Amino acid sequence: MHNGGTMEAQIGSCGGGGANQLFKSLGTFMRKCMFRVLSVGAIPNHIAFILDGNKRFARKHNLPLEAGYRSGFLSLLCVLKYCSELGVKYITIYAFCIDNFKHSPDEVQFFMDLLFE
139 MHNGGTMEAQ
149 IGSCGGGGAN
159 QLFKSLGTFM
169 RKCMFRVLSV
179 GAIPNHIAFI
189 LDGNKRFARK
199 HNLPLEAGYR
209 SGFLSLLCVL
219 KYCSELGVKY
229 ITIYAFCIDN
239 FKHSPDEVQF
249 FMDLLFE
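Under my numbering, think of the first position of the sequence shown as 139, with each following residue one higher.
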């Protein structure tokens, strides 16, 4: 991994532990959103996620672009963990569209590398 530590350790920190405040805030937000949806009925068999806003998040918090992508990715991992715990059987993730290839080659490569961590 680029920032040290294992992905398993970062996933394990979804509920707290050693995660820094930024990741805790993102995880809390995602949990609240998911449980708000789930509170209106039965747990769905399939949930789809559209990943968007990582650049805006990084800019808003004065972070490097890579930190925005990593924050979004780690938040997604936490949400996937919760979905598994709740018994959601199928997940669809829309993470990269054809327009994203218009971004700088370094940015595209970072995102692709992040998916393989």
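Cβ atoms here follow ideal geometry from the backbone N, Cα and C, with glycine treated the same way.
Please read these numbers as outputs of a predicted model, since none were measured by experiment.
Report task. Assign leucine 164 to buried or exposed, taking buried as 16 or more other Cβ atoms, counted over all protein chains shown, within 10 Å of its Cβ. Result -> As a first step, residue 164 is located in the sequence shown; it is residue number 26 there, counting from the start. Leucine 164 comes out buried.
| query | Among residues of its own chain, excluding the 5 on either side of alanine 196, which ones have a beta-carbon nearer than 7 Å to its beta-carbon? | reply | Looking up residue 196 in the sequence shown gives position 58. Hits under 7 Å: Pro202, Leu203, Ala205, Gly206.
Can you give the Cα-Cα distance for glycine 225 and asparagine 192, rounded to whole angstroms? The residue given as residue 225 occupies position 87 in the sequence shown. The residue given as residue 192 occupies position 54 in the sequence shown. The straight-line gap from Cα to Cα measures roughly 27 Å.
Contact criterion: CB-CB distance below 7 Å. Does phenylalanine 167 meet it with respect to chain C?
No chain C is present in this structure, which holds just one protein chain.
Practice problem: Decide if the stretch 207 to 222 is in contact with the stretch 169 to 189; the criterion is three or more beta carbon pairs, one per stretch, under 8 Å apart. | Solution: yes
Cβ pair asparagine 183, tyrosine 220 closer than 7 Å: Sequence index remark: in the sequence shown, residue 183 carries index 45 (1-based). Sequence index remark: in the sequence shown, residue 220 carries index 82 (1-based). No; because the gap between Cβ atoms is not below 7 Å, this pair is not in contact.
Handout entry: Under 7 Å between C-beta atoms of valine 217 and methionine 168
Key = Start at 1 with the first residue of the sequence shown, and residue 217 comes out as number 79. Start at 1 with the first residue of the sequence shown, and residue 168 comes out as number 30. It is a contact, given that the beta carbons lie within the stated cut-off.
- Query: Using the rule of at least 16 other Cβ atoms within 10 Å of the residue's Cβ for burial, across every protein chain shown, is isoleucine 185 buried or exposed?
  - Reply: Against the sequence shown, residue 185 aligns to sequence position 47. Classification for isoleucine 185: buried.
Please classify glutamate 255: does DSSP put it in a helix, a strand, or coil?
Looking up residue 255 in the sequence shown gives position 117. Glutamate 255 falls in the coil class under three-state DSSP.
Residue burial classification, phenylalanine 249 (beta-carbon count within 10 angstroms, cutoff 16) = Position 111 of the sequence shown, counted from the first residue, corresponds to residue 249. Phenylalanine 249 should be labelled buried.
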